[in-house]
Amino acid sequence: MAEFVTLEVSEGIGTIRLARPPMNALNRQVQQELRAAARAATVDSDVKAVIVYGGEKVFAAGADVKEMSEMEFGQMSDVIGDLQSDLAAVSEIPKPTVAAITGYALGGGLEVALSADRRIVGDNAKLGVPEILLGIIPGGGGTQRLARLIGPSKAKDLLFTGRFVDAEEALAIGLVDEVVAPDDVYEAARAWASQFTKGAGRALAAAKAAVDRGLDVDLGTGLAVERQLFTALFATRDRKVGMESFIENGPGKAQFTGE
140 MAEFVTLEVS EGIGTIRLAR PPMNALNRQV QQELRAAARA ATVDSDVKAV
190 IVYGGEKVFA AGADVKEMSE MEFGQMSDVI GDLQSDLAAV SEIPKPTVAA
240 ITGYALGGGL EVALSADRRI VGDNAKLGVP EILLGIIPGG GGTQRLARLI
290 GPSKAKDLLF TGRFVDAEEA LAIGLVDEVV APDDVYEAAR AWASQFTKGA
340 GRALAAAKAA VDRGLDVDLG TGLAVERQLF TALFATRDRK VGMESFIENG
390 PGKAQFTGE
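Numbering (my numbering), first residue to last: 140 to 398.
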C-alpha cells in the first residue's frame, strides 16, 4: 500500500493524489510511489484521463532537501536516472493528463507538473525552480521541459534567478494554461479531463505521442512519426466507428469503445 501517493478512479478520471503533509516534499519514497501510480493509471482501462493533484493548500514545494543534503556525488550518480524517471512518470501516461495546482509548485513539484499535458492553477499559485539557491540545478527534467514549454530565454531567467512567478505571470509566459479560484482548481481539472472519458483512446494516445516524440526530432523525422501513428489508427475499431458515425450522423456523435 502506498503511503503518500494514491490513485483514485471515478467516472473515467484517475486522480493521482500527492499527500505528504505539510508541503508534499518529494523524497525518494514519494517519487517511487508517484511512478507506481502513473503506471497503474496507464494500465487501468477504466482510466481515460488523469489529474495530478496535491490537495487544497499546496501542490508540491519541491524535493526533500534534508534527504538530498545527505547524499554525496557517488550516491546521487547512482539514483539520478531513477529520479528523472520518477518525476517524469506522468509524461509516460498515454492519456490526457492535467496538473491541478494550488499554492506552491516548486523545484521537483514543478517538474512533476511540467510532465502533464496541461496545468490549471489557483490564483494563489507560486511556481519556480529555486534549485540555484541551493547551489544546484533542477535534475528531474526541469531544465529540458521548462525550455521546451516557455522557450530558452524565459527558462533561463527562472533557472538563473530561482525566483517564483505568480499565477498571472505564469499564464502570460505560457507556463500554465488556466487560472481559476483556488477552491475551483480540482473541479476545473475534472471538467477538462471529463472531455476525454468517452473519447477515442487510441487516437488520443497517438496524438500525444506524435507531439511529444516530434518535439525531440527534426521536422522530417517528426512527419515520419506522424505518418506511422496516423496509419496505425486505421487498424482500430474506433476509426471505423468514428468515420461511419460521421457519415451517418455528422461530427461529435460517435460512441467510441477504445478498441
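Glycine is no exception: its CB is placed at the ideal position from the N, C-alpha and C atoms.
- Secondary structure note for residue 154: its beta strand (DSSP E) is the uninterrupted segment 152-157.
- Under the three-state reduction of DSSP, residue 289 is assigned to helix.
- If you look at residue 258, you'll find it isn't in any alpha helix (DSSP H); it sits in the beta strand (DSSP E) that goes 257-261.
- Each of 241, 226, 270 was checked against the Cα of residue 253, and the nearest Cα belongs to 226.
- Less than 8 Å separates the beta-carbon of residue 309 from that of residue 264.
- Residue 238 sits in a strand when the DSSP states are folded into three classes.
- Contact check between the stretch 233-241 and the stretch 322-340: three or more CB pairs, one atom from each, fall below 8 Å, which counts as touching.
- Per DSSP, the continuous alpha helix (DSSP H) segment holding residue 253 begins and ends at 247-253.
- Ranked by Cα distance from residue 302, the options 338, 351, 270, 223 are led by 270.
- Just measuring C-alpha positions, the residue of 369, 234, 359, 377 sitting nearest residue 189 is 234.
- Pairwise C-beta distances place the stretch 283-301 out of contact with the stretch 158-174, as fewer than three of them are shorter than 8 Å.
- In this structure residue 277 is buried. Its beta-carbon is surrounded by 16 or more other beta-carbon atoms within 10 angstroms.
- One alpha carbon belongs to residue 393, the other to residue 155, and they sit about 29 Å apart.
- By the Cβ rule, the stretch 353-369 does not count as touching the stretch 212-221, because fewer than three pairs are nearer than 8 Å.
- Within the same chain, 234, 235, 335 come within 7 Å of residue 343 by CB-CB distance, once the 5 residues on both sides are set aside.
- When secondary structure is reduced to three states using DSSP, residue 379 falls in the helix class.
- DSSP lists 152 as the beta-bridge partner residues of residue 149.
- Per DSSP, residue 307 lies in no beta strand (DSSP E) segment; the continuous alpha helix (DSSP H) that holds it begins and ends at 306-311.
- Residue 161 and residue 192 have their C-alpha atoms spaced approximately 14 Å apart.
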